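Visitor:
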Amino acid sequence: MADNIYTEYHKDSLETRLNDARETPLFYKVFALAGAGMILDAADVYMAGAINSTLIQDKFASISQGSFFLSSGFLGLFIGSILAGYIGDFYGRKLSYHFNLLLFGIFTLLSAFAPNMTILIALRFFAAIGLGAEIVTGYAVVNEFAPIKRRGHWSGMTAIVANTGAPITLLIASFMIPRFGWRSMFMTMGVLALILWLARRHFPESPRWLLSKGRTQEANQIIEKLTVNGLYEKDELKDADEPVSHISFAKGLFIAIVAVSATLLCQYTFTSWVPTLLLKQGINIVDSISFSAIMMIGAPIGASIGALLIDRTGRKKLILTAFIATAVLGIAYAYERSTSGILINGFLLTMTLYILVASVVSIYTNELFETSHRFRGAGIANGTSKLLNVLMPTFVAVMITQVSPSFIYYAIAGLAVIAAIIIGLFGPETDQKAIK
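The sequence shown maps to residues 199 to 634 in this note's numbering.
#1: If you compare alpha carbons, which of K257, I499, R220 and A614 is closest to T461?
#2: Counting Cβ pairs closer than 8 Å, one from the stretch 318 to 329 and one from the stretch 268 to 282, do we hit at least three?
#3: Based on DSSP bridge pairs, tell me the residues matched to A219.
#4: Around the C-beta of Q255, are 16 or more other C-beta atoms found within 10 angstroms, so that it is buried, or is it exposed?
#5: Drop a sphere of 10 angstroms on the beta-carbon of Y552, count the other beta-carbons inside from all chains shown, and report buried for 16 or more, exposed for fewer.
#6: Output yes or no for whether 8 Å exceeds the beta carbon distance between L463 and M590.
#7: Could you round the C-beta distance between A183 and Y337 to whole angstroms and report it? I think they count as a contact, below 8 Å.
#8: Relative to the alpha-carbon of E221, which residue among N427, K411, V334 and A497 has its alpha-carbon at the smallest distance?
#9: S502 and I333 look like a contact to me (Cβ under 8 Å); what is the Cβ gap, rounded to whole Å?
#10: Rounded to the nearest angstrom, what separates G330 and L392 at their Cα positions?
#11: What does the Cβ neighbour count give for I346, buried or exposed, with the cut at 16 atoms within 10 Å?
#12: Using the rule of at least 16 other Cβ atoms within 10 Å of the residue's Cβ for burial, across every protein chain shown, is I606 buried or exposed?
#13: For D439, count the other beta carbons within 10 Å of its own beta carbon; 16 or more makes it buried, fewer makes it exposed. Which is it?
#14: With distances taken from CA atoms, which of M597, S557, S560 and F468 is nearest L546?
#15: Could you check where the alpha helix (DSSP H) with G412 kicks off and where it finishes?
#16: Quick check: what's the CA-CA separation for M597 versus I621?
#17: Rank R377, N418, L394 and H296 by C-alpha distance to the C-alpha of I237 and give the top, closest one.
#18: Between T599 and Q465, what straight-line distance do the alpha-carbon atoms span, to the nearest angstrom?
#19: When you compare the stretch 576 to 589 with the stretch 513 to 529, are there three or more beta-carbon pairs, one atom per stretch, that lie closer than 8 Å?
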């Protein structure tokens, strides 16, 4: 009995030290490796789009085969997100985090040598299963290693780093594809993924996961390295001693699915379809692409704002404000007709959507779950959003051709309002609270 009491006391003591730890070289290593993986995750989506258009243009693929190529990627991301959750919770974060890049790197590299579209689609599917784990593991790992004082900041910073993947990839693709062909992009991404996989060979296991499994000695060895720079003072940690409002896994999963799905559906729909929607508003193709590029500047700015504010305002206040702003801006955008209005409103809407990406996907979702099932919760929530995004293009196409493009913005506003209501009524505040 006394041994059990001592063990629990020792575990609580280790958790307190982990919660209060200042940033150390080991933490910065974890952040850098996680950020690099998130860049690959964001880069892959844009790479697939650039390659797909080239495949069709070069007659290597028909339009329908190109559609299957993209859909196979989303399906793989869905399966990968779910698998990562279960592997990470039952067998450790390190295994899930290490295995996914190996899978992605090998199958992406093999894609460079695909002799036909059937094989390329199959390879794309398996590569995406590996990459599907990245968004789940990357954000969750940073969340579990970061000190409470700066957890929101560092999780938000991960979102900022991840969003640099899009412009970097588009620049690389615009240089490499015309000169070396689409296969060069698969080779580049595959090699980079395998290099990062090698760099992660000595990635530490999450001490929170080790503590949840009763492996206190192993956890202690890692926590020692995470506390070499000392601890934050108690008066620096706002409400740090207050536990998170306990909610069941089912309730947390419901909130996470609604929040993540609303965020990513709104973000994906607007950023992916805005050139087409601008054309429907009478803007020529050159200007529509230019307008889209200007609006996308709001992405890193929005992610930066989210990272800056999340620890100051509290999670719920920022998320609810951003969802309401998304609804208002979405409705307003449907009625914009002037060039300046379209640009300004589109920029603000993009910025607001990426505030949500930085706060909901990278931070709030992971804080809704206890360590024992955090990866599963985040994996199911992200996987559900990926599956819904497979269906969204069909809905958008019907709205554009059969109804009115304005309904796209009404749908974005509706999703944002629903998410705000659900989080406002049922979502707990997790700002700088201890996570178990």
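Ideal Cβ positions, reconstructed from N, Cα and C, are used throughout, including at glycine.
These numbers were taken from a predicted model, which means no experiment stands behind them.
Guide: Walking through what the data contain:
#1: Shortest Cα-Cα distance from T461 to any of K257, I499, R220 and A614 involves A614.
#2: A contact exists between the stretch 318 to 329 and the stretch 268 to 282.
#3: According to DSSP, which records beta bridges pairwise, A219 is partnered with L429.
#4: Here Q255 is exposed: its Cβ has fewer than 16 other Cβ atoms, across all protein chains shown, within 10 Å.
#5: By the Cβ neighbour-count rule, Y552 is buried, with 16 or more other Cβ atoms within 10 Å of its own.
#6: Yes, the pair counts as a contact, with Cβ atoms nearer than the cut-off.
#7: The requested residue 183 is not part of the displayed model; the chain covers only 199 to 634.
#8: Ranking N427, K411, V334 and A497 by Cα distance to E221 puts N427 first.
#9: The C-beta distance from S502 to I333 rounds to 19 Å, too long to meet the 8 Å contact threshold.
#10: The C-alpha of G330 lies about 16 Å from the C-alpha of L392.
#11: I346 comes out buried.
#12: Note on I606: 16 or more other CB atoms within 10 angstroms of its CB, so buried under the neighbour-count rule.
#13: Residue placement at D439 cannot be trusted, given a pLDDT of 47 that sits under 50; what the coordinates show is reported in the next sentence. Result: exposed.
#14: L546 has its Cα closest to that of F468, out of M597, S557, S560 and F468.
#15: Counting along the chain, G412 falls outside any alpha helix (DSSP H), and DSSP gives it neither H nor E.
#16: Whole-angstrom Cα-Cα distance: 28 Å.
#17: Minimum Cα distance to I237 is reached at L394.
#18: CA-to-CA, the gap between T599 and Q465 works out to about 21 Å.
#19: These segments do not touch.
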